[in-house]
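Right, one structure below, let's go through it.
Number of protein chains: 2
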Amino acid sequence: MKKIMVIGASGTLGQAVVQELRADHEIVEASRGDHRFPVDFSNEESVRALFNKAGQLDGIIVAAGEAHIGPLKEMTAEQFNKGLQNKLLGQVRVYLIGQHHLSAGGSITLTTGIITDEPLRDCANVTAVDSALEGFVRAAATENREIRINAVSPTMLTESADIYAAYCPGFEGVPASRAALAFRRSVDGIQTGRVYRVW
Amino acid sequence: MKKIMVIGASGTLGQAVVQELRADHEIVEASRGDHRFPVDFSNEESVRALFNKAGQLDGIIVAAGEAHIGPLKEMTAEQFNKGLQNKLLGQVRVYLIGQHHLSAGGSITLTTGIITDEPLRDCANVTAVDSALEGFVRAAATENREIRINAVSPTMLTESADIYAAYCPGFEGVPASRAALAFRRSVDGIQTGRVYRVW
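So the protein lines, in turn, are chains X and B.
In case it helps, the working numbering puts the first sequence at residues 12 to 210.
In case it helps, the working numbering puts the second sequence at residues 12 to 210.
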């Protein structure tokens, strides 16, 4: 049994990850609105407080992050920066602080998406952010070999099709429970520097 | 003859790009210290002023940008954000504002590096930033087909080996003049969404 923190545990994907892992792992469920482990990962002190409260971990999963969606021709640098500050820097911040709270051989698993490889209308910011996260995974796995780092890149979740289907014409959705299996591969497997695509 | 703006024209790469293109194009040389076209691309007003002064362009090249270099285990989110605000958001800002100052079919060419694919010691921030830029190129080329966008990814420049060789063991450098040819491919060719690797 490992002690695994899931940040974004209340979200569609996070709930499925918790469901998948809790059969045989101790799960620390963290999210913005959680009463026990509240966290705003865009805030340095909030992330530090979370890890100090949770104690040593064997794994950290981040299934959270927002970016800007809107037409490229009207986009401003300020809007583009939203995704940099939230989803990108937030997930990286969890790595930078969380690396010091992991047991040897522990893992960190970030969340990107099919949009890295398949740009969608109005989503240039998301493609840039997710590409940066996948680059960070490659670099961090190479430089710090004491812990593992991977990313899970799901396609559209069937549970979210109401919101995203208009952006994803002809995309086959996957249920969040199937995407959750890739997080188990990352947590219980031996690989590092991987992007697990669930497409 | 096209009218091409080169941002970062005073740098090692920028000088070579100007040298390559000025035989048959009109070049607007912009850089932080330029007396005629000064620009700080981390500043919104500075970029707006530059484009307003330069008038309509047929091509924009950005050969500039700084990111954080330092050990991953000691890195802070604030340090990581330096590369996001400078090289990443700076180059994207040039696209977002510059797209409105380009003639139809004009091109924007960004600069990344081999580090996207080959992580180097202490350079996780640079890999993330350059990966984001390459993702942005994929997305922008897909969404806005009225202009072209590409990136040039050089390996270590032989002119910069004094500074970077310690980070790049066994890397074959290329002269800046050879990397400059890839900018000509982008400016005078017909492709879009490409990353021209000069390795």
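Each residue gets a CB set at the ideal place from its N, CA and C atoms; glycine is no exception.
Model, not experiment: these values are computed from the prediction.
Proximal residues of chain B, C-beta to C-beta of residue i below 9 Å
{"i": "Val140 (chain X)", "result": "Ala143, Gly146"}
{"i": "Cys134 (chain X)", "result": "Ala150, Glu154"}
{"i": "Pro180 (chain X)", "result": "Under the 9 Å cutoff, chain B gives no residues; its nearest Cβ is about 13 Å from Pro180 (chain X)."}
Cutoff 7 Å; reference residue i; Cβ partners in own chain excluding five residues on either side
{"i": "Glu157 (chain B)", "result": "Ala115"}
{"i": "Glu9 (chain X)", "result": "This structure gives no information on residue 9 (chain X), because the portion of chain X shown stretches from 12 to 210."}
{"i": "Thr138 (chain X)", "result": "Ile126, Thr127, Pro130"}
{"i": "Phe147 (chain B)", "result": "Val103"}
{"i": "Ala27 (chain X)", "result": "Ala187, Ser188, Ala190, Ala191"}
{"i": "Leu11 (chain X)", "result": "Outside the displayed span of chain X (12 to 210) sits residue 11 (chain X), for which this structure offers no information."}
{"i": "Asn184 (chain B)", "result": "Residue identity differs from the one stated: residue 184 (chain B) is Gly in this sequence, not Asn. These residues qualify, in order along the chain: Thr166, Met167, Leu168, Thr169, Ala172."}
{"i": "Thr203 (chain B)", "result": "Ala152, Arg159, Ile160, Asn161"}
{"i": "Arg208 (chain B)", "result": "Ser164"}
{"i": "Val29 (chain X)", "result": "Val17, Ala20, Ile38, Glu40"}
{"i": "Arg255 (chain B)", "result": "Nothing can be reported for residue 255 (chain B): it is not among the residues displayed for chain B, which extend from 12 to 210."}
{"i": "Arg59 (chain X)", "result": "Ile108"}
{"i": "Asn155 (chain B)", "result": "Gln110"}
{"i": "Trp210 (chain B)", "result": "Ile125, Thr166"}
For residue i, the three-state DSSP class (helix, strand or coil)
{"i": "Leu159 (chain X)", "result": "Residue identity differs from the one stated: residue 159 (chain X) is Arg in this sequence, not Leu. It is a strand residue."}
{"i": "Arg208 (chain X)", "result": "strand"}
{"i": "Gly25 (chain X)", "result": "helix"}
{"i": "Thr120 (chain B)", "result": "strand"}
{"i": "Leu131 (chain B)", "result": "coil"}
{"i": "Ile38 (chain X)", "result": "strand"}
{"i": "Ile15 (chain B)", "result": "strand"}
{"i": "Ala115 (chain X)", "result": "strand"}
Contact list for residue i against chain B, beta-carbon separation under 8 Å
{"i": "Met86 (chain X)", "result": "Leu107"}
Sequence-distant residues of the same chain with beta carbon closer than 6 Å to residue i, five excluded per side
{"i": "Ala135 (chain B)", "result": "Leu83"}
{"i": "Gly25 (chain B)", "result": "Val17, Gly19, Ala74"}
{"i": "Lys93 (chain X)", "result": "His79"}
{"i": "Leu121 (chain X)", "result": "Val73, Gln102, Leu144, Ala162"}
Partner residues on chain B for residue i, Cβ-Cβ distance less than 7 Å
{"i": "Arg208 (chain X)", "result": "Those within 7 Å of Arg208 (chain X) in chain B number zero; the least Cβ separation is about 15 Å."}
{"i": "Gln30 (chain X)", "result": "Residues of chain B passing the Cβ test: none, with the nearest at roughly 30 Å."}
{"i": "Pro165 (chain X)", "result": "Simply none; closest approach about 17 Å."}
{"i": "Pro49 (chain X)", "result": "None at all; the shortest Cβ gap to chain B is about 19 Å."}
Amino acids of chain X, ordered along the chain, whose beta-carbon sits closer than 8 Å to that of residue i
{"i": "Val103 (chain B)", "result": "Ala88, Phe91, Ala139"}
{"i": "Leu99 (chain B)", "result": "Leu95, Ala139, Ala143"}
{"i": "Pro186 (chain B)", "result": "Simply none; closest approach about 26 Å."}
Within chain X, the residues that residue i reaches when beta carbons sit closer than 7 Å
{"i": "Glu55 (chain B)", "result": "Ala88"}
{"i": "Thr122 (chain B)", "result": "Those within 7 Å of Thr122 (chain B) in chain X number zero; the least Cβ separation is about 15 Å."}
{"i": "Thr127 (chain B)", "result": "Gly146"}
Beta-carbon proximity list for residue i, same chain, < 8 Å, skipping 5 on both sides
{"i": "Gly101 (chain X)", "result": "Phe52, Ser53, Val73, Ala75, Gly76"}
{"i": "Val39 (chain X)", "result": "Lys14, Ile15, Met16, Val17, Phe48, Ala65, Leu68"}
{"i": "Glu31 (chain B)", "result": "Ser188, Ala191, Leu192, Phe194, Arg195"}
{"i": "Gln90 (chain X)", "result": "His79, Gly81, Asn136"}
{"i": "Ser42 (chain B)", "result": "Ile18, Gly19, Ala20, Ser21, Gly22, Gly25, Phe48, Pro49, Val50, Ala75"}
{"i": "Arg149 (chain B)", "result": "Gly204"}
Under 9 Å from the C-beta of residue i: neighbouring residues of chain X
{"i": "Leu83 (chain B)", "result": "Tyr106, Leu107, Gln110, Ala150, Ala151, Glu154, Asn155"}
>> Check whether the stretch 14-26 of chain B and the stretch 65-78 of chain B are in contact - that is, three or more C-beta pairs closer than 8 Å.
In response: yes
> Whole alpha helix (DSSP H) runs in the stretch 51-112 of chain X with 4 or more residues, listed along the chain?
Replying inline: 55-65, 88-94, 100-109
> If we count Cβ pairs, one from each stretch, closer than 8 Å, do we get three or more for the stretch 158-174 of chain B versus the stretch 161-172 of chain X?
Replying inline: no
>> Counting beta carbon pairs with one atom in the stretch 121-128 of chain X and one in the stretch 81-88 of chain X, are three or more of them shorter than 8 Å?
In response: no
> Hey, is the stretch 140-155 of chain X in contact with the stretch 170-188 of chain B, meaning 3+ C-beta pairs nearer than 8 Å?
Replying inline: no
> Does the stretch 105-112 of chain X come within contact of the stretch 44-64 of chain X, defined as at least 3 CB pairs closer than 8 Å?
Replying inline: yes
>> So within the stretch 148-197 of chain X, which uninterrupted alpha helix (DSSP H) runs reach at least 4 residues, ignoring any that extend past its ends?
In response: 172-175
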